[in-house]
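To start, the structure under review is shown below, and the notes come after it.
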Amino acid sequence: MMNLFFRNLTAIIIAAAVLAAQTNTNSVTNAAAESLFQEMTYVESGITGELKEITTAMGDDIMLQIVTTNFSSYVRLTEIDTNYLEFVSMTRDKMRSQLLLKAHKEGTAQVSVELIEDLTVRSATTYRVTITPPTKRETAVVGKKDKDTEDRRYYLIAMDLFKARAYAEAKEMFNRVVQKFTGTEFSGKSINALGDIAMAQSNYSEALANYKRGSETGTGAERERSLLSLGRCQAEMKDLSKALASFLSLERLYPDSVYAGDALFFAAQTMTAMKNRNGAVDTLSRSISRYKQFEKRAESIYLLASLYDKGGSEVRDLAAAHKYYGEYITQYPSGPQFSAALERRTYLDKNFINLR
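Under the working numbering, the residues of the sequence shown are numbered 39 to 394, in order.
So, in structure tokens, the structure goes:
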């Protein structure tokens, strides 16, 4: 048995198999959990409670999640039957605590929770967990289907931890996905997420290793995303030549990728930093004409206009600058550079002739 104590105020206790979904929450921290818990949901507020039984299969995960909003009461988890349930991880942030268990043996286990207010136990709920063989699994909620694969469930748990900035626990869970589900879509996503965590912690060498691994072993869009992230990490490390090679190779190897246009934008940015303005102009022109929808398209148009406007004598073309400022103004009226683009185009209108 294991005693764990969690101090907080009005508690919502959500006990579910990892397949479960929290259906009505506005919490940013619970965004990934909302997608995750799709099969069985239990919510207890105050002293009321209805769900007493949980049925899961041996080898599956069970999550006990405690969401709190203030500090004058607390939830006490008084009992976990470790003969049948293996402790996996415990995490906590300002909004909630999570206890993740694995059902490792067939049988019936017990989990008990108390809600305490003003030093008084307001409710005591016991969950009987029936653990069935993997081939005989039944669910506690009738009419809801398991739409998640196991790798996706683990990945969403990890993403939930990542969003809560529980980086150590998130890394542990992402690594579980990579090790257990090698070659799958969510393995590739997890490798990229491991790189993203390292970037968030300014651990560029670790980020570089993960993105390189993803670009070599990943599949589909995740492999392409790894290559884009690899270039951005190299640029952050001031290794501009390698960064440029990564960006250009993405567009060359995967011209139909959703990241191809963005890769050309970052390539042009890198060329600009390397004082290769002609190359930057050519690259931006290619990205804008070839790819009509990509995340950095607005920035590409504005950067191209700026290079024609202020990039130096080797690329200066005020008529082209006027044209691309106009495209930005027309296509992105809510864009962050709208005012700057409008100001420069107005200036060109007033001070130069024969621009249109």
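Cβ coordinates follow ideal geometry from the N, Cα and C atoms, glycine included.
For clarity, every value in this text was computed on a predicted model and none was experimentally measured.
Secondary structure at residue i, three-state DSSP: helix, strand or coil?
i      : result
Ser5   : Any question about residue 5 goes unanswered here, given that the chain covers just 39 to 394.
Thr120 : coil
Asp347 : helix
Glu91  : strand
Tyr193 : helix
Asp320 : helix
Asp98  : coil
Val353 : coil
Gln148 : strand
Ala305 : helix
Thr187 : coil
Thr384 : helix
Thr67  : Confidence is the limiting factor: at Thr67 the pLDDT is only 36, short of 50, which leaves the residue's position unreliable, though a coordinate-based value still follows. Helix, per DSSP.
Thr220 : coil
Lys140 : strand
What residue from the options has the CA that sits closest to residue i's CA?
i      : options                           : result
Leu24  : Asp347, Ala301 and Ala318         : Lying outside 39 to 394, the shown extent of the chain, residue 24 is not represented and no answer is given.
Arg203 : Glu188, Thr187, Thr164 and Leu232 : Leu232
His360 : Gly373, Phe304, Leu386 and Gln369 : Leu386
Ala191 : Tyr205, Gly269, Ile339 and Met211 : Reading the sequence as shown, one finds Arg at residue 191 and not Ala. Per the Cα distances, Met211.
Met275 : Leu265, Gly252, Asp294 and Ser240 : Ser240
Met312 : Asp277, Ile235 and Ser228         : Asp277
Thr163 : Ser150, Glu333 and Asp99          : Ser150
Val167 : Glu144, Glu188 and Asp189         : Glu144
Asp347 : Ser372, Gly373, Val319 and Leu282 : Val319
Hey, residue i and residue j are a contact pair by Cβ (cut 8 Å); roughly how many whole angstroms apart?
i      : j      : result
Gly226 : Arg261 : 7 Å
His142 : Glu124 : 5 Å
Leu342 : Leu356 : Contact flag wrong, Cβ pair sits at about 13 Å.
Tyr366 : Ile339 : 5 Å
Cys271 : Tyr249 : 6 Å
Ile169 : Thr94  : 6 Å
Ile229 : Arg214 : About 13 Å separates the two Cβ atoms, so there is no contact after all.
Give the range of the alpha helix (DSSP H) segment to which residue i is assigned.
i      : result
Met312 : Premise fails: Met312 is in no alpha helix (DSSP H) and is neither H nor E.
Ala273 : Gly258 to Glu274
Gly252 : Tyr242 to Thr255
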